[in-house]
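Novice: Keeping their order, the protein sequence lines are chains A and B.
If you read the first sequence in my numbering, its first letter stands for residue 60, the second for the next number, and so on.
If you read the second sequence in my numbering, its first letter stands for residue 5, the second for the next number, and so on.
Just dropping this structure here.
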Amino acid sequence: MPLLEIKNLKLDFKQGDKMLRAVDGVSFSMEAGETVCLVGESGCGKSVTALSIARLVPTPPAIYPEGEILLNGSDVLKMGKKELRSIRGGIVSYIFQDPSASLNPVFRVGNQIKESLKLHRPQAATDDEVIRLLKLVGIPAPESRIRDYPHQMSGGMQQRVMIAMALASEPKLLVADEPTTALDVTIQAQIMELLLDLKKRLGMSILLITHNLGIVGDIADRLAVMYAGQIVEMAPANQMLKRPLHPYTRSLMGSVPKLGHELERLNAIPGNVPSIGFMPTGCRFHPRCPMAKSDCSQKVPELVQVEPGHWVRCPYWSES
Amino acid sequence: MWQYIAKRILHLIPLLFGVSLLTYMLMWMTPGSFYDNLKQNPQISPEKIKELEAKRHINEPFYVAYSYWLLNAVKGDLGYSLAYKMDASKLISTRLLNTFLLSFFATVLAWAIAIPMGIVAAVHKDSIADRALSSVAFMGLSIPEVLLALLALMLAASTGWFPVGGSQSPMYDLMEPGEKFWNRVHHLILPTLVLAASSLAGIMRYMRSNLLDTLRAEFVTTARAKGMAEGWVIYKHALRNAINPLLTIFGYSLAGLLSGAFIVENVMAWPGLGRLTIEAITSKDYELVVATVVMATALLVIGNFIADLLLAWSDPRIRLK
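Pasting the structure below:
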């Protein structure tokens, strides 16, 4: 049984009388110990998909018209409040984009980590355990740091505290929603290294949400690329990085600047992600696709398996 | 910390100097004088009035009169009330207790009701309770304080449940101690209710919008993601942050209720500082006006200072320097 199995997940936001579909039929699964990266531009639905795993998207305004999210075999979308509280932290923990906003400014960091312990491992809710966790995430002099307030720490340190807080409850799955986007480039590398190290040491599954394909190579076992609420390509990481098949994935990779290559301009994908509620007909990527055919605006492509474990939502994938 | 307090007190000195100078000047520049009434009285000789005017430096230039006042003020004497024929500071101190009692109970009452109301409205946003509370608040904001005070007086007069105005009965001096206490309380109830009702709506709306903002903050999602029960998420994580901006408002309300009490005190004949100030202005009892304005300024600054201390205590990001 996979640790996480998302089947045909659909999520609507109610806005006035209209229903706006933010996630449209996303399916993927994760085995225990596996690291999956969900990649896509802002607004493609990757964050709400990740937040849905612990039902953290407020309903209303969100509605789940269809789909299942099986976490350890039970459907999160059918859980009551009490059950949800036990899986939040208990099975799946989160770290978010902006650590300075994600930590409560008026409580000491030690206190905030201890809260997580009290909820899920009450017998371990001690200063010693907090110090051990801070050490685990590489915070120097943790004995004195537990009495700090979040604003007394740098962004990188704050994100380490968030990770320590997420690990405190010993989850099976860590969801990292753009954990390095708000940090300096050097700190980004440190945090990614820390996640990689923790993954190896604790054998935990990680779902990494990012828009930056440049950082996924070292850590990901599998990649899923999302566009406009749908998965457009999914494959083992090395396979996709070596040979991306969907035109969108190729454009995304082309837009990652490489060290040592002289560039006149950065390669950006022309146009914007279609805004929710104004989806193009046919293939949703066709207005921005460099190799769009005449029938791309009519035919809705399906996600098909073209090689073992490699799924693509483009009928012309073989033309690359 | 002590350095900070000392600094704040030192800031008060030039402020009070400026405020007293401006008020004194304004009172001096307006036409007429307190003695104009006496001059109409044939029983008082013009010589006597000249003597009184000379004693109070009425006919000398403004800066001379002000200098005399300032010299005394530095020694702690805030001037002399011509109407009451006593020291302004002594007069104010007798009225200050009345105003303080009224403002204090009104503030406590308003906050004790408004804060829970705001929390309920924010937590159950768009529910029937929220709409009902918002309508009450809207009414509270729309009804002028004067009208509310008059309605309260009408209620007192027609039902006899409450005394109509004043702070004590005419027979007060003949009462037993227990009776005296009840008599005071009985007189205090209506003005307190009116004054509290007028500030309640604003505080409630502010609490509601602050808590709604905080409930959208990312650290609230973090707290939920930990598996915390919704009640704890709201009352520990969200409320603790939502209350901080209200502490500033609280400081203003400490001083603001003293000026807000102008209307209630006048309409409901409450012998407080607000009423005294209005009387002093209309009768051109100029040194009393200056003394009350100086007092009100000091209270406003002290109120803000208390708010700053509370905020520093409540929010670890703020350090007093």
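No residue lacks a Cβ here, since even glycine has one placed at the ideal position from N, Cα and C.
If we ignore side chains and look at the alpha-carbon of each, how far apart do Leu-315(B) and Gly-214(A) end up?
Specialist: Leu-315(B) and Gly-214(A): Cα-Cα distance of roughly 25 Å.
Novice: Using beta carbons (cut-off 9 Å, strictly below), is Met-29(B) in contact with chain A?
Specialist: No, Met-29(B) lies away from the interface with chain A (no Cβ there is under 9 Å from its Cβ).
Novice: Could you have a look at Glu-174(A) and say whether DSSP puts it in helix, strand or coil?
Specialist: DSSP places Glu-174(A) in helix when its eight states are reduced to three.
Novice: Cβ closer than 8 Å: which chain B residues qualify as neighbours of Glu-142(A)?
Specialist: Near Glu-142(A) there are no residues of chain B at all, since even the closest Cβ is about 10 Å away, more than 8 Å.
Novice: Any Cβ of chain C within less than 9 Å of the Cβ of Thr-286(B)?
Specialist: No chain C is present in this structure, whose protein chains are A and B.
Novice: Would the segment 305-323 of chain B count as touching the segment 101-119 of chain B if we require 3 or more Cβ pairs under 8 Å?
Specialist: As far as the Cβ criterion goes, the segment 305-323 of chain B does not touch the segment 101-119 of chain B, which means the pair count is below three.
Novice: Quick check on the DSSP output: what are the complete alpha helix (DSSP H) runs of length 4 or more inside the segment 134-199 of chain B, in order along the chain?
Specialist: Here the runs fully enclosed are 149-163.
Novice: Give every residue of the same chain whose Cβ lies closer than 8 Å to the Cβ of Glu-361(A), excluding the five residues on either side of it in the sequence, and list them in chain order.
Specialist: Answer for Glu-361(A): Arg-372, listed in chain order.
Novice: Consult DSSP for Gly-206(B) and reduce its assignment to one of helix, strand or coil.
Specialist: Looking at Gly-206(B) - three-state DSSP - the assignment turns out to be helix.
Novice: Check whether the Cβ atoms of Lys-173(A) and Asp-186(A) lie closer than 9 Å to each other.
Specialist: Yes; because the gap between Cβ atoms is below 9 Å, this pair is in contact.
Novice: Expressed to the nearest angstrom, what Euclidean distance is found between the alpha-carbon atoms of Pro-316(A) and Ser-310(A)?
Specialist: About 12 Å.
Novice: Could you check whether the Cβ of Ala-160(B) sits closer than 9 Å to any Cβ belonging to chain A?
Specialist: Taking Cβ atoms only, chain A never reaches closer than 9 Å to Ala-160(B), which makes this a no.
Novice: Taking Thr-111(B) as part of the alpha helix (DSSP H), name the residues at either end of that continuous run.
Specialist: Start and end: 92-127.
Novice: When DSSP builds the beta bridges, which residues end up paired with Trp-370(A)?
Specialist: According to DSSP, Trp-370(A) bridges with Met-293(A), Gln-364(A).
Novice: Measuring only the C-alpha atoms, how far is Ser-171(B) from Pro-46(B)?
Specialist: Near 36 Å, if we compare the C-alpha coordinates of Pro-46(B) and Ser-171(B).
Novice: Is the beta carbon of Ser-161(A) closer than 9 Å to that of Glu-234(B)?
Specialist: No. Outside cutoff.
Novice: With distance defined between alpha-carbon atoms, name the residue in Ala-279(A), His-369(A), Tyr-375(A), Trp-370(A) nearest to Pro-349(A).
Specialist: It is Tyr-375(A).
Novice: From the beta carbon of His-128(B), is the nearest beta carbon of chain A less than 9 Å away?
Specialist: By this cut-off, His-128(B) is not an interface position.
Novice: Since Asn-245(B) meets chain A, which of its residues come closer than 9 Å, beta carbon to beta carbon?
Specialist: Going along chain A in sequence order, the residues near Asn-245(B) (Cβ under 9 Å) are Asn-163, Pro-164, Val-165.
Novice: Spatial neighbours of Pro-249(B) within its chain, please: CB distance less than 7 Å, with the 5 preceding and 5 following residues excluded, ordered by chain position.
Specialist: Result list for Pro-249(B): Asn-214, in chain order.
Novice: Would you call the segment 107-118 of chain A and the segment 183-198 of chain A in contact, with 3 or more CB pairs under 8 Å?
Specialist: Too few Cβ pairs lie closer than 8 Å, so no.
Novice: Which class does Phe-337(A) belong to by DSSP, given the choice of helix, strand or coil?
Specialist: Phe-337(A) falls in the coil class under three-state DSSP.
Novice: Do the CB positions of Tyr-70(B) and Leu-30(B) come within less than 9 Å of each other?
Specialist: Taking 9 Å as the Cβ cut-off, Tyr-70(B) and Leu-30(B) do not qualify as a contacting pair.
Novice: Return the chain-ordered ranges of every beta strand (DSSP E) run that is complete within the segment 146-212 of chain A and spans a minimum of 3 residues.
Specialist: Counting whole runs of 3 or more residues, the segment 146-212 of chain A contains the beta strand (DSSP E) stretches 151-154.
Novice: In this structure, how does DSSP classify Ala-81(A) when only helix, strand and coil are distinguished?
Specialist: Correct three-state label for Ala-81(A): strand.
Novice: With 16 as the cutoff for other CB atoms within 10 Å, does Gly-169(A) come out buried or exposed?
Specialist: When all chains shown are included, Gly-169(A) counts as buried.
Novice: Does the distance from the C-beta atom of Leu-232(A) to that of Leu-130(A) stay below 9 Å?
Specialist: It is a contact, given that the beta carbons lie within the stated cut-off.
Novice: Determine, using beta carbons only, whether Ile-274(A) and Gln-247(A) come nearer to each other than 9 Å.
Specialist: A contact, by the Cβ cut-off of 9 Å.
Novice: Let me know the secondary structure DSSP gives Lys-317(A) once reduced to three states.
Specialist: Note: Lys-317(A) maps to coil in three-state DSSP.
Novice: Determine the extent of the alpha helix (DSSP H) in which Gly-223(B) is found, giving its start and end residues.
Specialist: One detail in the question is off: residue 223(B) reads as Phe in this sequence, not Gly. First-last of the alpha helix (DSSP H) with Phe-223(B): 222-229.
Novice: Around the Cβ of Met-221(A), are there at least 16 other Cβ atoms within 10 angstroms (buried) or fewer (exposed)?
Specialist: Buried.
Novice: Is Val-124(B) closer than 9 Å to Leu-145(B) when the C-beta atoms are compared?
Specialist: In this structure, Val-124(B) does not lie closer than 9 Å to Leu-145(B) by Cβ.
Novice: Determine, for Ser-106(A), whether the minimum Cβ-Cβ distance to residues of chain B falls below 9 Å.
Specialist: It does not: the Cβ of Ser-106(A) has no partner Cβ on chain B nearer than 9 Å.
Novice: Whole angstroms is fine: what's the gap from Lys-184(B)'s alpha carbon to Asn-76(B)'s?
Specialist: For Lys-184(B) and Asn-76(B), the distance between alpha carbons rounds to 37 Å.
Novice: For Pro-201(A), I'd like the list of residues in its chain whose CB is within less than 7 Å of its CB, leaving aside the five on either flank, ordered along the chain.
Specialist: Closer than 7 Å at Cβ, skipping near neighbours: Ile-190, Leu-193, Lys-194.
Novice: For a contact meaning CB atoms closer than 7 Å, what does His-369(A) contact in chain B?
Specialist: Per Cβ cutoff of 7 Å: no residues; His-369(A) is ~32 Å from chain B at best.
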